[in-house]
Structure formats: structure tokens, C-alpha cells
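2 protein chains.
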Amino acid sequence: MSALLGAMEAGGTKIVCAASKGGEIVAQTRIPTRGPDATLAAALAFFEAVIGEHGDLSALGIAAFGPLDLRSTSPTFGRLLGTPKHGWAGTDLVAPFARRLGCPVVIDTDVNAAALAETMHGAARGCRTAVYVTVGTGIGGGVVVDGRTLRGSPHPEMGHIRVARHERDAAFPGVCPFHGDCLEGVASGPAIVARYGAPLDALPSDHEAIAVVGHYLGQLAANVLLMISPERIILGGGVMSSEPLLRETRTAAARLLNGYGGYGASAASLEQTIVAPGLGERSGIVGALVLAERA
Amino acid sequence: MSALLGAMEAGGTKIVCAASKGGEIVAQTRIPTRGPDATLAAALAFFEAVIGEHGDLSALGIAAFGPLDLRSTSPTFGRLLGTPKHGWAGTDLVAPFARRLGCPVVIDTDVNAAALAETMHGAARGCRTAVYVTVGTGIGGGVVVDGRTLRGSPHPEMGHIRVARHERDAAFPGVCPFHGDCLEGVASGPAIVARYGAPLDALPSDHEAIAVVGHYLGQLAANVLLMISPERIILGGGVMSSEPLLRETRTAAARLLNGYGGYGASAASLEQTIVAPGLGERSGIVGALVLAERA
Chain R
152 MSALLGAMEA GGTKIVCAAS KGGEIVAQTR IPTRGPDATL AAALAFFEAV
202 IGEHGDLSAL GIAAFGPLDL RSTSPTFGRL LGTPKHGWAG TDLVAPFARR
252 LGCPVVIDTD VNAAALAETM HGAARGCRTA VYVTVGTGIG GGVVVDGRTL
302 RGSPHPEMGH IRVARHERDA AFPGVCPFHG DCLEGVASGP AIVARYGAPL
352 DALPSDHEAI AVVGHYLGQL AANVLLMISP ERIILGGGVM SSEPLLRETR
402 TAAARLLNGY GGYGASAASL EQTIVAPGLG ERSGIVGALV LAERA
Chain D
152 MSALLGAMEA GGTKIVCAAS KGGEIVAQTR IPTRGPDATL AAALAFFEAV
202 IGEHGDLSAL GIAAFGPLDL RSTSPTFGRL LGTPKHGWAG TDLVAPFARR
252 LGCPVVIDTD VNAAALAETM HGAARGCRTA VYVTVGTGIG GGVVVDGRTL
302 RGSPHPEMGH IRVARHERDA AFPGVCPFHG DCLEGVASGP AIVARYGAPL
352 DALPSDHEAI AVVGHYLGQL AANVLLMISP ERIILGGGVM SSEPLLRETR
402 TAAARLLNGY GGYGASAASL EQTIVAPGLG ERSGIVGALV LAERA
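If you're matching them up, the sequences are chains R and D in order.
Under the working numbering, the very last position in the first sequence is 446; numbers go up by exactly one each time.
Under the working numbering, the very last position in the second sequence is 446; numbers go up by exactly one each time.
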């Protein structure tokens, strides 16, 4: 009999929960992200119902927004650290599930889990090193090296790097409560709405937002290539569903790299390197299942 | 009888060659870096003399400036790629040694080797993840994750990331032939001389160069922490021998991080994270020996 595995992807707007048996999804639900108590209680209720119907869970994998304390020896392991997300700082994402579900619980960041899923089943299959970046309400990146996620101390938070400003965007102060005009402060979904009054997909396809936001995301992509040298950078998240933005990001990255270090100097040369997710919006929940499989 | 190991650190101004037996250095030399033919011939002559005196080499480790082709399946494996270093682009650093010395040759970047040496014997002992950055004629960084260096595709070249300009340094165009005002273009030794007419150690300790260069290196350090999350960043190289610059780099990094993600918001909180090399100027050659040991 194959093991029953639980998976939870905790995002800023929704929590996706799933259970799988023998590689098949046997149950799935979406819970809107409200306060931590009500939201986690709903997730627990889902898994208890799964157990009631299918028997004990072998393991639960959690892929969560961060920043998270992932140091297994830390007294606050599994908790959210200071986060702009109201009410969630300090929330323990691991202990309540381990206690109530009676199974091993493995946690990683949503983007690390997505990077893992993409290297195993998606756009980075066969890559030794891959980076998954989500651009949405927030910006975050996950890193896989040799089949393991980079968890470091604490863990990558590459949405908050400083970027050089676009010349037509010098006055915008940025929206990050910690850093103002860090990458997330100038290129996330909320930054686009704050600056242009609408999300990217509601703006004309020749709107200057593409050039400005692409300039910033191209800096992230170039920095990732120069600092981590992955074989693949996967750009996911709601903002990245814009095909012109993905192209502009490649163009800006190529312009910055300028042919250095074995990278081509044209956007076309980065087409195999900077790509859309192979798993679409499912990278996170598939990654959570991979975490559970490995528990 | 313990193995005889060879090590070569190829730098922009000098090549250091050494041989060790049972953990003791039995021979060492320094060769000024001129054109590739004469320089590599001198290095080969050193190792042939070592073999003549001590017997066959078990392995040679090479730690070299880059960018290098480190993909073992590539037809140009072991060669320098396009480099600002005159005459060296395309030079094969591996095959001539393997052919003439008849032993396995292992190559990695100088900074990857230094990072390896520091995790094994220096300031990053016990760290799962560490980054070594050299700031000198050029700027480069090496990464160790779980005892292995990050070699990616091609390999980290973090000296060439884009940085936000210091307000008192907006007019300086930078000296990087590839990127103008990338990090190396504004914070390397030559950039300091181009801007201020003298190297850092010849300027007064309250000179604004410290604030300007520290602002740029602090961006690198903050980016490294946000993108790779190492437990330790080791800052080596000639420019970093300035103690005020190391302090200013911590201050600038702390200012940028602003308490996010578990990092402190004060320079003091980064004192254990951003550090000087434990092996002084020997990180590179010790790293080359580690490469040979592992061959």
C-alpha cells in the first residue's frame, strides 16, 4: 500500500492543501489567507478529514511564504520571522500540524519548494543548480543545488536586494515597508499598482511599465546568474504571466551581462536560461509534496 | 609514504606554486604573471623540479582567476573565457599540466578554492554555506555549499553585479571594460586609483573613499546574504586589508538589510557574519591543495 502524503502551500492570498497517494491527488482545497488562527485551523481540519477518509498521513510537506526560521536547532524553528504580512509574525507553522496529525512535518520556503519541484518535474529537470523566482504580491527566490534547497542562515530572501533605478522611475519611493525601493519595493504587483494605478495585465502591452519593471527584474536575473550561476532561472508568480515582461527581463539581463563570463549578450541567448515555470502555478504544491516524499 | 600534492594559485599579478607531502610544504615559488606561455612554462618547470627531487605528484590542484570554463564535458574545459587580462583569453590551464606532469589535475576558481580553504581550515570552519570575496585588482566571489564549490554554468562572477551609485560618486564612469560601473568597475583597486589618485592604504583614514567603496561592498554583502544566505562572508584581497573599509562594509550592509529576515540592523550584529579571512593571504593556495587532496 502506497503512503498517504500531505502537502500545504501557504501563500499570501491563499493556502493550498492537498493529499496524494501513489502519485495521485486524492483530495485538495484552497483556503483564503486571513488571520493565522482561522487559516491554520481550516488547513488542519482539511488534513483531519483526509485522515478520517484515507488513514494516517506518512508525512506533511509545507511550502510557506517567509521569512521563516528553518534552523532545525533553533527554539523558534518553523515560525515566521518579522514579515510585512499582518498578524503572522511569530506564527508556528510546524508544531500544530506535527501535534495534531501525528506525522513528520517538513517545511521549506514556497520558492525553495517550487525550485525543487521544477528541478524534479518541471522546467529545470536535469539541472544541477536552479533558481525559482516568484514575482507577485511579494518577490522571493529559492535555490536548489545538487537536489537540495539552499536554506543557509536564515534562507534566501532575494526579493529585497537593492537595484539601480530606471531613469524614468527615479521619483517613485517604493512600497517595501523595510527597504522602500528594494526590488520588491519597485517591481512587485503592489508596486506596479501604486505607480501605474493598475496591475500589469490591465495596462497596454506597450506601456512603459514593461520597460521599467523589466529593468529591475533583469537586474535580479543578472545578479542571480553572476552570484549563483544556475543552469536555469524560472520566473513564476502572477506578475510574470506577462509574456512581454519575461522577454524584457531577458533583454535587460543580457544588456547588463554584456557577454561576460560565457553568457551571450543578446536576449535570445538567455531564452533557455531564463524561463517560465514548467509546472505553471503548481510548482509550490508539487514542491510541498516532494518535501513530504523525502521526509 | 604520504602522497606528494601540487598546488597552483594563478592570480592577476603572480602565480604561487607549492608542493606538499604529509601536510608539510616541501617547495614553493612565486612567478610574476606575464604572458601565458612564459608564465605557465615557469610553473611547469617548478613542478618538474619538484618531481625530480621528491618523486611523482599524486595530483595537482589549480585555483585560477576567471572566468573559466569548468564544465567537465565542454570542449574548452579548463580554458580561460573572455577576460580583461591581456593575452590570456582561451588559455588552457589544465591540459599542459596533465600532459607534462602525468597526474590528475583539478581546477576551480581562485575564490571558490579560497572559500573551500576557509570552510576547512579558516574563518568559516563548521559552516554549511560560506562565501569568499576578494577585492583587489578585480572583484570575485566563491561559494561553498555543503563542502562543495558552486560551479554552475559557468561559475559565480559576483564582481560584475550592478550596484546603486553613491550620491557623491554619481559622475565616475567606472573602469570595467565590460560593464563600466558594475561593482568591480567602481570598487576594485584600479577604480579607487582612477577616482582618488591613490590606493586606499595611501589615503587618509577619514577619506570619503571609505564611505563610497564601503557603500558598494555593503551592497554586495547584503545581496550575498539575501541571495545565498551563507553563515559567513569572508572578505579578502588587497583592498580589504583596510580595517575601516571592513567596518564600513558591515555598516552599509546592515543599513540596507534594515533588520529584515533575521539579520540585525546594526553593523555590530554582522561582526560574526562579515569577516576577514582566517588564512590571511594563503586562502587561495591552501584551497588549491585541498583540490589536489580531493582529486
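Don't be surprised by glycine CBs; every beta carbon is placed ideally from N, CA and C.
Minimum Cβ-Cβ distance from residue i to chain D less than 8 Å
| i | result |
| --- | --- |
| R:R313 | yes |
| R:F329 | yes |
| R:P305 | yes |
| R:L386 | no |
| R:Y367 | no |
| R:E450 | Because chain R is modelled from 152 through 446, residue 450 of chain R falls outside the range shown and cannot be assessed. |
| R:V375 | yes |
| R:I379 | yes |
| R:L267 | no |
| R:P218 | yes |
Proximity test, Cβ basis, 8 Å: residue i and chain R
| i | result |
| --- | --- |
| D:I425 | no |
| D:Y411 | yes |
| D:S420 | no |
| D:T280 | yes |
| D:E382 | yes |
| D:Q370 | yes |
Delimiting residues of the beta strand (DSSP E) encompassing residue i
| i | result |
| --- | --- |
| D:V286 | T280 to V286 |
| R:V315 | Strictly speaking, residue 315 of chain R in this sequence is Ala, with Val absent from that position. No beta strand (DSSP E) contains R:A315, which DSSP labels as neither H nor E. |
| D:G412 | No beta strand (DSSP E) holds D:G412; DSSP gives it neither H nor E. |
According to DSSP, residues forming a beta bridge with residue i
| i | result |
| --- | --- |
| R:R181 | R:V167 |
| D:G387 | D:T285 |
| D:R230 | D:D243 |
| D:T300 | D:V295 |
| D:E175 | D:K172 |
| R:G331 | R:C327 |
| D:L156 | D:S171 and D:A210 |
| R:I425 | R:I384 |
| R:A161 | R:I166 and R:A215 |
| R:V290 | Note that residue 290 of chain R is Ile in the sequence shown here, rather than Val. Bridge partners of R:I290: R:V286. |
Opening and closing residue of the alpha helix (DSSP H) in which residue i lies
| i | result |
| --- | --- |
| R:R406 | E394 to L408 |
| R:I436 | S434 to R445 |
| R:E382 | Premise fails: R:E382 is in no alpha helix (DSSP H) and is neither H nor E. |
| D:R346 | G340 to Y347 |
| R:A362 | E359 to M378 |
Closer than 7 Å: residue i CB and nearest the ligand ZN heavy atom
| i | result |
| --- | --- |
| D:G331 | With respect to the ligand ZN, the structure offers nothing, as it holds no ligand at all. |
Short CB-CB distance (under 8 Å) between residue i and chain A
| i | result |
| --- | --- |
| R:D332 | Annotation note: the requested chain A is absent from the structure, which comprises protein chains R and D. |
ask   = When you check each C-beta in the region 182–200 of chain R against every C-beta of chain D, which residues fall closer than 7 Å?
value = Considering only beta carbons, no part of the region 182–200 of chain R lies closer than 7 Å to chain D.
inquiry  = To test your reading of the DSSP string, which unbroken alpha helix (DSSP H) runs of 4 or more residues are found completely within the region 240–283 of chain R?
reply    = Runs of the alpha helix (DSSP H) lying entirely within the region 240–283 of chain R, each at least 4 residues long, are 246–252 and 261–272 in chain order.
key: Any beta strand (DSSP E) of 3 or more consecutive residues that is wholly inside the region 186–217 of chain R   = Counting only unbroken stretches of 3 or more residues, the beta strand (DSSP E) elements lying wholly within the region 186–217 of chain R are 210–215, in sequence order.
ask   = In the region 272–303 of chain R, which residues sit with their C-beta less than 8 Å from some C-beta in chain D, listed in chain order?
value = Flagged, chain order: R279, T280, G292, V294, V296, D297, R299, L301, R302 and G303.
request  = Name, going along the chain, the residues of the region 221–253 of chain D whose beta-carbon falls closer than 8 Å to a beta-carbon of chain R.
outcome  = Listed in chain order, the positions of the region 221–253 of chain D with a beta carbon within less than 8 Å of a beta carbon of chain R are L232 and G233.
ask   = Looking at chain D, which residues of the region 389–410 of chain R have a Cβ within less than 9 Å of any of its Cβ atoms?
value = Only L407, L408, N409 and G410 from the region 389–410 of chain R bring a Cβ to less than 9 Å from some Cβ of chain D.
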